[in-house]
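For the sequence shown, this note's numbering assigns the number 736 to the last residue and increments by one with no breaks.
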Amino acid sequence: MSDRIQLLSPRLANQIAAGEVVERPASVIKELLENSLDAGATRLEVEIDNGGIKRIKVRDNGGGIDKDDLPLALARHATSKIHALEDLEAVATLGFRGEALASISSVARLTLTSSRDDSGQGWQVAVSGRDMQAALAPAAHPRGTTVDVRDLFFNTPARRKFLRTEKTEFNRVDETIKRLALSRFDVSISLRHNGKGVHNLRAGLGRVEMERRVAQVCGPAFMQNALHIDVERSGLRLWGWVAEPAFSRSQADLQFFYVNGRAIRDKVVSHAVRRAFADVLYHGRHPAFVLYLELDPAAVDVNVHPTKHEVRFRDSRLVHDFLFGSLHRALADVRPGQREEREQVPEETVSGIRAGEFAGQQKMPLSTRPSPVDLQQQMQNYAALHQPYQSESSVAEATPPVAPARPAPALQVSESDTTEAPPLGYALAQLHGIYILAQNEQGLIVVDMHAAHERIVYEQMKAAYAAGGIQAQPLLVPVSLAVSQREADCYEERSEVFTALGFALQRAGPETLLVRQVPAMLHGAEVEQLVRDVLADLLAQGGSSRIGERINEILATMACHGSVRANRKLTVPEMNALLRDMERTERSGQCNHGRPTWTQVKLADMDKWFLRGQ
């Protein structure tokens, strides 16, 4: 090592910068495609060989680059996207640093060809040598730009050794293409690998075209289980698709979040999504979503990391609460009837009697809805066979004394019932003291009665608790907490948060807090750790949901113990009362632990079981 300060050569400086921007072929393609989109391209063509290690070629039909600007395009810190600090504070383009092409050309053999008009004539530029001198030459080219990158990391063997197999690198490229395809529905994108077509995604801004692309990227099953949301408030807009909790994943591989069209990973966003799914997602599972947040570019800082995957919101608390509230309400508003409407079989794919496939068997209906007389007779028969548990007249009355549930009336059968069945239909029987079997228009409904009642009781208890407010309980002996001075200062600045949550704290020294009062429901809990967690949340996010989550955990436990248990014999009116309560209750599709509470078996599927109409 020399003890003299020297100026780095342009190539070495660019190679150092490439360590942050160019990690693998996928990152090269990301940078090139973002440049194309910033240039106004509506068609992108990507060709790669050997997973992108051997060659990457990106062609677009954007505005192109002037002949005189081509050498500058490959120079470091040269860009047309920002010119002053004011531009950096409200970036509206995907790229803005002016480092990508210079970094790529320093670790690969790069050729840039571009044309600004439809004459078919353009210019080509490439760099070589220690000082990365640009060589300009005429070339035939349609309007737009083509970037050809060959032999990635040919001059940096140490970096090349970190690359994975061709299959792994291709999978990363494929993921990059998919992520970008979901950010711009108005752009056609094609991908070829080793000469074979992989993707050919057509542009389209209609709802149908957009959902078709989402299905191509995320799979048809995602769209079949997805809820479309579009919420706008306080200068923020959230729209896109979020899958129902039943479509959860074992890993976070179907999570796409965009801020002003830029794919990002952000702790504020992740925390808001986790909170929205807290009550409905099974342990260890991950939600699936394709969501777009739109806001004023000046309200978000994208100049956080060279890869531009991270952002910083000016008002992170506002964004967090908006995301949580929008998703929480979207999931809560799902009712069994809405789910059936979304899952209804299209006319062109129906089977069984509805499609007229059974010809001579039409006199043998596969299922018919019982008449009022038949239904009433069923009730009487089951009432005779099963004695009601204890003295209740409906399941909805079997709730803990903390929040007595609304008594559900027995099913009233009328002529109007024969025209349209409720979403969850009418109860037929109880199976093994665990499941309720019901019949609706689509076929058979199977309900886990304990899981369903647990959700009903839980939501009623939450509502009752919210209406009564947070009751506080003084501690006989105050709890002393040793905290940092920063945490103690945070408490004094945000003491109203603790007061609203039922806590009473007092600063007893520069690094000491005394807990004198806690929420009554949390009496006996780990108070010290809970206060520390709340302080950590306030410092990191500006707010905390720890206490609310802990209270909900206690309510969920109480609801679980207060719900109808397995092997409890229910009468048909009791079962129907439970079904009607499910149709009225938020998030009734999952129990408090995230398990599904009911499932639909379609009539067409049962037809196939028995080869009816074959």
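Note that the Cβ used here is the ideal one computed from N, Cα and C, for glycine as well.
Nothing here was measured: the structure is a model prediction, and the numbers come from that model.
Taking all protein chains shown into account, residue 330 has fewer than 16 neighbouring C-beta atoms within 10 Å of its C-beta and is therefore exposed. In the DSSP assignment, residue 556 falls outside any beta strand (DSSP E) and carries neither an H nor an E. The criterion of a C-beta distance shorter than 8 Å is satisfied by residue 716 and residue 404. For the region 234–299, the full-length beta strand (DSSP E) segments reaching 3 residues or more read 243–250, 255–262 and 266–272 along the chain.
Residue 584 sits in a helix when the DSSP states are folded into three classes. Within the model, the alpha-carbon separation for residue 420 versus residue 438 is close to 13 Å. Here the alpha carbons of residue 565 and residue 545 stand approximately 11 Å from one another. Counting only unbroken stretches of 4 or more residues, the alpha helix (DSSP H) elements lying wholly within the region 397–457 are 438–454, in sequence order.
In terms of CA proximity to residue 550, 698 leads the group 386, 733, 175 and 698. In the structure shown, the three-state DSSP call for residue 173 is helix. The alpha carbon of residue 640 has as its nearest neighbour, out of 312, 177, 601 and 678, the alpha carbon of 601. Here the C-alpha atom of residue 284 lies approximately 25 Å from the C-alpha atom of residue 249. When C-beta atoms of the region 352–361 are compared with those of the region 390–408, fewer than three pairs fall below 8 Å, so the two segments do not count as touching. Burial check for residue 347: the Cβ neighbour count within 10 Å reaches 16 or more, so the residue is buried. Counted as a single uninterrupted DSSP element, the stretch harbouring residue 383 is not any alpha helix (DSSP H), since DSSP gives it neither H nor E.
With respect to residue 230, residue 272 sits close: the two C-beta atoms are nearer than 8 Å.
Between residue 568 and residue 686, the gap from beta carbon to beta carbon reaches 8 Å or more. Going by C-alpha positions, residue 594 is about 24 Å away from residue 397.
Selection 394, 399 and 392 evaluated against residue 366 yields 399 as nearest (Cα-Cα).
In chain order, 412, 413 and 414 place their CB closer than 6 Å to the CB of residue 362, counting only its own chain and leaving out the 5 sequence neighbours on each side.
Counting C-beta pairs with one atom in each stretch, the region 201–209 and the region 217–225 have three or more that are closer than 8 Å, which means they touch. Residues 657 of the same chain have their beta carbon placed closer than 6 Å to that of residue 609, with the five preceding and five following residues left out of the count. Counting along the chain, the unbroken alpha helix (DSSP H) around residue 152 starts and ends at 147–160.
Less than 8 Å divides the Cβ of residue 579 from the Cβ of residue 681. For residue 626, the uninterrupted beta strand (DSSP E) run begins and ends at 626–631, by DSSP. Remark: C-beta atoms of residue 185 and residue 222 do not approach each other more closely than 8 Å. Residue 257 and residue 224 have their C-alpha atoms spaced approximately 14 Å apart. Rounded to whole angstroms, the Cβ separation of residue 150 and residue 274 is 7 Å, and the two are in contact under 8 Å. Between residue 380 and the set 349, 307 and 692, the nearest pair of CA atoms involves 307. Around residue 232, the same chain offers 226 and 271 as residues with beta carbons nearer than 6 Å, after the five sequence neighbours per side are excluded. Separation of residue 434 and residue 282 (C-alpha to C-alpha, rounded to the nearest whole angstrom) is 32 Å. With contacts defined by Cβ atoms closer than 8 Å, residue 130 and residue 192 do not form a contacting pair.
Judged by their CB atoms, residue 182 and residue 166 are nearer to each other than the 8 Å cut-off. Non-local C-beta neighbours of residue 254 in its own chain, meaning closer than 6 Å and more than five positions away in sequence, comprise 132 and 133, ordered along the chain.
Apart from the 5 residues on each side of it in sequence, residue 391 sits with its Cβ closer than 6 Å to the Cβ of 379 in its chain, given in chain order. Residue environment for residue 711: buried (at least 16 other C-beta atoms within 10 angstroms of its C-beta).
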